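One structure is given here, and the rest of the page talks about it.
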Amino acid sequence: MKRLRDLPPETASPQERRAAEIVREVSPLEPTAAAFDRVLKSVNETPAPPLWPKAVLTVAALAGAVTVYQLATRKTPPTPGDAPEREMVEERPAIPRPSIPRLVPAPPSSPVAAEPVLAPPWRSGFETGDLSEWPTNGVIGQRCHKNGSLEVVAAPVRTGGRALKIAVTTGPERRDCVVIRPTLGREGYYGAWLYFPRKIFGSLPWSFLRFRTVVDQEGTPKDRALFSLSVRERPDGEMTLSLYDGVGGKHVRPDVAPVVPVGRWVHFEAFLREATDKTGRVAFWMDGAKLFDLDGVTTVVGHSLLFQVGLIAVESKTPAHAELYVDDAAVGVTRPE
Amino acid sequence: MMAVDALPKSAHELDFSDVYREWFRHVCRWIRALGGFGVDHEDLAQEVFLVVRRKLSAFDGRNISGWLYRITELTVRGSRRRAWAKRMVLGRRETAGGELVAQDRGPAGELQRKEARRILAEILSSMSDERRVAFMLFEIEGYSGEEIASMQGVPTATVWTRLHYARKEFLAGTAEHDRRQQAEEQEQEKAGKA
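Laid out in structure tokens, this is it:
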């Protein structure tokens, strides 16, 4: 269906032409930069509302509902001539009730974690020509939504004759295309050589290396990013990095935003000490230079931790195509040579 | 075994400032489509983004436009209810908020624009909410049928059906408006001659 304003006058009926005239006079709303700043300022200056009014209202509503229910279901007192109510109840045939299984949380590892931990050292150079080094079981392995592709290619490669090409185009929904391995279950190093053929900027950042969990503390399947490295645009147009700390619920940006090189292989490495208390540590390096180091932090929330490399985009109104090449991924308890 | 694709996604990685930067313009447009020309877009956009900031960490990341649209829809609905209650209590209409953008077209152009907007608002006010909003989003704000379907969480065919009927009503409305205007002009002409 064409918009009224786009209807060619020669084919449109007189009424459509008249309607188009009206519609053309009203343009799409374009908020000004001043409005943008004004609203943002007032949102930032408005403190988060206290929870208690909502809680009080909820409690009052519940109490009201209970009272109404009690009034509605209150039995009228029996008149002297009536048979005792208990006897009437006892005369009714008992209705067999089906036994309802109790809802219990799934055991931590059952729904998803078929391969609990990775046996180190592990390497993948894609020299087999396929993704057999990343066996899949529905959780680990590969995951690629539509509009994305995983392909083992002959160029560019860092070593050997093969590398993995990951391509994703964002659309009206979230787009992921990643290869996934389980973590070690203790402390270890996770690395991969990555090649960005060109800068990738969505209007929202792209994650490319992250740790996540797929089962929460209660054993319920839930995808949650724990630590996620993303590329974003620097004011000067260069591509830089930020880290999302999903445990602390904050974004960490380095004081000096490093430039992510484009058109050459770059080594990204992470160290993860898995801990459910404040003894964990997570650190990231780019070409040997430390980017982020969170020490003395909780690094594990839930179960079944996964390490993944690839492209993860959140829905964006601005369609963007992104490509990334991966080679020589490695996991080990000591820092690989 | 449950496939990862079936698991709920987390959008914790979303930064509020990114979401604001990317979606502010769209939220303003939705507010106008949902609330009409008279609503105060800035005020409502602020309300929407306060909710967004509060709930972003719990958002599952599946359909950000749908999620934001729903918040906008509820916010606009709440504001209408408040405006209605105010009118009932105070017995007066709320003043219409200003447009975020004023077009610099000179007095004649501005008059023409105001007249077009008045006619548009008049015809749209007689439509059902669903048709009116679909019409505004498609014809005025420039969204595609697929985008509207994704935001509203309805099949694309439903959007096309709404648009089909909305356009039909709009064409009939403009014809009726022009006929009435013509009749008024003739009346005035007659009165002038008399």
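The listed protein sequences derive, respectively, from chains A and B. First residue of the first sequence? That's 1 in the numbering used here, and the numbers climb one at a time after it. First residue of the second sequence? That's 1001 in the numbering used here, and the numbers climb one at a time after it. From the three backbone atoms N, C-alpha and C, an ideal C-beta is built for every residue, glycine too. Predicted model, so just to flag it, every value in this text is computed and none were measured.
What did DSSP end up calling residue i once you bin it into helix, strand or coil?
i: H145 (chain A); result: coil
i: R1179 (chain B); result: helix
i: T136 (chain A); result: coil
i: S1128 (chain B); result: coil
i: A155 (chain A); result: coil
i: T1156 (chain B); result: helix
i: S1150 (chain B); result: helix
i: T1072 (chain B); result: helix
i: L1111 (chain B); result: helix
i: K2 (chain A); result: coil
i: Y325 (chain A); result: strand
i: V262 (chain A); result: coil
i: T183 (chain A); result: coil
i: L7 (chain A); result: coil
i: E233 (chain A); result: strand
i: Y69 (chain A); result: helix
i: S1065 (chain B); result: helix
i: L226 (chain A); result: strand
i: I95 (chain A); result: The pLDDT assigned to I95 (chain A) is 44, lower than 50, so where the model puts this residue is not dependable; a value taken from the coordinates is nonetheless given after this. Correct three-state label for I95 (chain A): coil.
i: R123 (chain A); result: strand
i: S1144 (chain B); result: coil
i: F196 (chain A); result: coil
i: V256 (chain A); result: coil
i: E1139 (chain B); result: helix
i: E1189 (chain B); result: helix
May I ask which residues mark the beginning and end of the beta strand (DSSP E) holding residue i?
i: D1043 (chain B); result: Per DSSP, D1043 (chain B) belongs to no beta strand (DSSP E); it is in the alpha helix (DSSP H), H1041 to K1055.
i: I166 (chain A); result: A163 to T169
i: K290 (chain A); result: A289 to V297
i: A1058 (chain B); result: Unbroken run through A1058 (chain B): none, as it is neither H nor E.
i: D277 (chain A); result: No beta strand (DSSP E) contains D277 (chain A), which DSSP labels as neither H nor E.
i: Y244 (chain A); result: M239 to D245
i: T128 (chain A); result: It is not in any beta strand (DSSP E) - T128 (chain A) carries neither H nor E in the DSSP assignment.
i: V252 (chain A); result: K250 to V252
i: R212 (chain A); result: W206 to V215
Taking C-beta pairs closer than 9 Å, name the residues in chain A that residue i reaches, listed in chain order.
i: L1120 (chain B); result: I22, V23, E25 and V26
i: A1116 (chain B); result: E21, I22, V23, R24, E25 and V26
i: E1130 (chain B); result: By Cβ distance, chain A contributes nothing, its closest Cβ being about 16 Å from E1130 (chain B), past 9 Å.
i: D1040 (chain B); result: Within chain A, no residue comes near D1040 (chain B); the closest Cβ sits about 11 Å away, beyond 9 Å.
Pull up the DSSP beta-bridge partners for residue i, would you.
i: G310 (chain A); result: A:V178
i: G332 (chain A); result: A:Y189
i: H1164 (chain B); result: Its beta-bridge partners do not exist; DSSP assigns none.
i: A1116 (chain B); result: The partner list for A1116 (chain B) (beta bridge, DSSP) is empty, contrary to what the question assumes.
i: E269 (chain A); result: A:G191 and A:W285
i: A1172 (chain B); result: DSSP, once it has assigned bridges, lists no residue as partnering A1172 (chain B).
i: L305 (chain A); result: A:T213
i: L150 (chain A); result: A:I166
What are the start and end residues of the alpha helix (DSSP H) that includes residue i?
i: F1024 (chain B); result: F1016 to G1035
i: E45 (chain A); result: A33 to E45
i: V23 (chain A); result: P14 to R24
Which residues of chain B have a Cβ atom closer than 7 Å to the Cβ of residue i, listed in chain order?
i: H251 (chain A); result: D1015
i: A48 (chain A); result: R1054
i: F307 (chain A); result: Residues of chain B passing the Cβ test: none, with the nearest at roughly 14 Å.
i: F36 (chain A); result: F1024
i: R18 (chain A); result: T1174 and D1178
What in chain A is Cβ-close to residue i, meaning under 7 Å?
i: E1185 (chain B); result: Going along chain A, no residue has its Cβ under 7 Å from E1185 (chain B), so there is no contact; the nearest lies around 16 Å.
i: Q1046 (chain B); result: V39, S42 and V43
i: L1034 (chain B); result: Under the 7 Å cutoff, chain A gives no residues; its nearest Cβ is about 12 Å from L1034 (chain B).
i: L1050 (chain B); result: V43 and T46
Could you work out which residues of chain A lie near residue i, taking near to mean beta carbons separated by less than 8 Å?
i: A1085 (chain B); result: Ordered by position in chain A, no residue passes the 8 Å Cβ test against A1085 (chain B), which lies about 17 Å from the chain.
i: R1113 (chain B); result: E25 and V26
i: R1029 (chain B); result: P28 and L29
Can you name the residues of chain B whose CB is closer than 8 Å to the CB of residue i?
i: Q15 (chain A); result: L1171, T1174 and A1175
i: R3 (chain A); result: F1138, E1139 and G1142
Going along chain B, which residues have a C-beta under 9 Å from residue i?
i: R181 (chain A); result: Simply none; closest approach about 13 Å.
The region 127-152 of chain A: which residues have C-beta closer than 8 Å to a C-beta of chain B, in chain order?
-> N137, G138, V139, R143 and H145
Closer than 8 Å, Cβ to any Cβ of chain A: which residues of the region 1142-1176 of chain B, in chain order?
-> G1142, G1145, E1146, E1147, S1150, W1160, L1163, H1164, R1167, F1170, L1171, T1174 and A1175
May I ask you to list, following chain order, the residues of the region 1056-1076 of chain B that have a beta carbon less than 8 Å from some beta carbon of chain A?
-> S1057, G1061, R1062, N1063, I1064 and S1065
Within 8 Å of chain B by C-beta, residues of the region 194-207 of chain A in sequence order | S203, L204, P205 and S207
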